[in-house]
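In the order they appear, the protein sequences are chains A and B.
Here numbering that gives the first Met the number 0 is used: the first residue of the first sequence is 0, the next is one more, and so on.
Here numbering that gives the first Met the number 0 is used: the first residue of the second sequence is 0, the next is one more, and so on.
What follows is a set of notes on a single structure, which appears directly below.
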Amino acid sequence: MRLEYFEMIDRVESIDLDAGKISVHAYVPKDSTVFEGHFPGHPLVPGVLLIEAMAQAAGYLILANEKFERMTFLAAVKEAKLRTFVLPETALIVTSEIEHDGSGYTMSKTAITADGKKICNAKLTHRTLPFENDDLKGHVLERARVTGLLNEG
Amino acid sequence: MSSTFDTVADIISDIGDVEREKITPDSHVISDLEIDSLDFLDVAFSIDKEFDIKVPVEDWMTEINDGNADAEDYFLMKNLCAKIDELKKEKAA
Numbered sequence: 000m001r002l003e004y005f006e007m008i009d010r011v012e013s014i015d016l017d018a019g020k021i022s023v024h025a026y027v028p029k030d031s032t033v034f035e036g037h038f039p040g041h042p043l044v045p046g047v048l049l050i051e052a053m054a055q056a057a058g059y060l061i062l063a064n065e066k067f068e069r070m071t072f073l074a075a076v077k078e079a080k081l082r083t084f085v086l087p088e089t090a091l092i093v094t095s096e097i098e099h100d101g102s103g104y105t106m107s108k109t110a111i112t113a114d115g116k117k118i119c120n121a122k123l124t125h126r127t128l129p130f131e132n133d134d135l136k137g138h139v140l141e142r143a144r145v146t147g148l149l150n151e152g
Numbered sequence: 000m001s002s003t004f005d006t007v008a009d010i011i012s013d014i015g016d017v018e019r020e021k022i023t024p025d026s027h028v029i030s031d032l033e034i035d036s037l038d039f040l041d042v043a044f045s046i047d048k049e050f051d052i053k054v055p056v057e058d059w060m061t062e063i064n065d066g067n068a069d070a071e072d073y074f075l076m077k078n079l080c081a082k083i084d085e086l087k088k089e090k091a092a
């Protein structure tokens with residue numbers, strides 16, 4: 000994870016488009032400027048960034064489901080539960096499952112675990128829209144390649 | 000139509016926190032019942048699930064935004080329910 004750059008996902012572990020499921024790895028770094036403020040002397044991953052990590056995992060799944068033709072945007076977070084603190088150097092597994100693939104929007108159930116222990120979970124709604132420009136699409140495709148979401152050749 | 004109306008009205012009442020009695024066939028989902036675009040995604044989700052259809056929200060919005068349809072065509076309760084009935088028929092065919 001590079002928290003400052005909102006790069007929350009390190010590697011896609013598995014994705015099953017037929018089942019509408021994804022599992023990704025996210026390792027919390029030892030150091031980040033985020034921890035300088037959250038909190039001084041007691042570094043914790045902010046809950047909003049855990050929600051962002053869940054949103055990105057679900058977003059990856061939707062991106063692949065949309066064959067990378069449309070961008071995903073987080074639209075709603077429901078029933079979010081942040082169950083325990085997440086410290087630096089924690090290995091997280093983020094999983095997401097599509098609950099409903101609608102017209103221009105997708106609902107998913109998403110969760111994070113560490114060492115098999117439930118960290119947080121939420122029901123998310125993403126809107127999907129055509130990419131605003133090729134620059135954005137290029138960046139998304141590059142991240143997809145780096146994380147193993149997109150395997151070409 | 001009537002059972003569709005009752006079901007959709009119940010969904011909107013629940014999601015939009017609108018008094019059920021206020022919802023009539025002539026109610027405009029957006030301007031009268033104050034369902035915004037985000038709430039409508041929840042409404043569409045519940046309608047999709049309830050009737051096992053896929054409400055083409057995106058196509059509708061494109062038609063409205065492009066000036067090829069009026070918002071009333073899709074968001075007046077009686078018209079919305081008629082569209083849902085069409086979608087149910089297409090699904091069953």
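The beta-carbon is built from N, C-alpha and C at its ideal position, and this holds for glycine as well.
Model, not experiment: these values are computed from the prediction.
One alpha carbon belongs to Ser26/B, the other to Phe72/A, and they sit about 30 Å apart. Of the candidates Met76/B, Glu49/B and Ile34/B, the residue whose Cα lies closest to the Cα of Phe4/B is Met76/B. Where His99/A is concerned, the enclosing beta strand (DSSP E) starts and stops at Ala90 to Asp100. Taking the C-beta atoms as reference points, Gly101/A is found no nearer than 8 Å to Val42/B. Met7/A sits in coil when the DSSP states are folded into three classes, being neither helix nor strand.
The beta carbons of Lys87/B and Ile52/B sit closer together than 8 Å.
DSSP places Ser45/B in no beta strand (DSSP E) but in the uninterrupted alpha helix (DSSP H) bounded by Ser36 to Phe50.
Here the alpha carbons of Arg82/A and Cys80/B stand approximately 41 Å from one another. Ala81/B carries a helical assignment under DSSP once its states are collapsed to helix, strand and coil. For Glu78/A, the closest C-alpha among the options Asn120/A, Phe34/A and Glu96/A is that of Asn120/A.
Not one beta carbon of chain B lies nearer than 8 Å to the beta carbon of Ser107/A.
Secondary structure at Asn132/A: coil, using DSSP grouped into helix, strand and coil. Judged by DSSP in its simplified three-state form, Leu43/A adopts coil rather than helix or strand.
Sixteen is the threshold: when 16 or more other Cβ atoms of the shown chains lie within 10 Å of the Cβ of Pro42/A, as they do, the residue is buried. The stretch 85 to 98 of chain A and the stretch 17 to 34 of chain A touch, with no fewer than 3 CB-CB distances between them shorter than 8 Å. Taking Leu91/A as the centre and dropping the five residues before and after it, the same chain places the C-beta of Ala25, Ile111 and Ala113 closer than 6 Å to its C-beta, in chain order. Taking 8 Å as the Cβ-Cβ cut-off, the stretch 44 to 59 of chain B approaches chain A at Phe44, Asp47, Lys48, Lys53, Val54, Pro55, Val56, Glu57 and Asp58, given in chain order. Among the residues of the stretch 15 to 37 of chain B, those with a Cβ less than 8 Å away from any Cβ of chain A are Leu37, in the order of the chain. Taking each of Phe67/A, Thr124/A and Arg1/A in turn and checking the Cα distance to Lys29/A, the smallest one comes out for Arg1/A.
The C-beta of Leu40/B comes closer than 8 Å to at least one C-beta of chain A.
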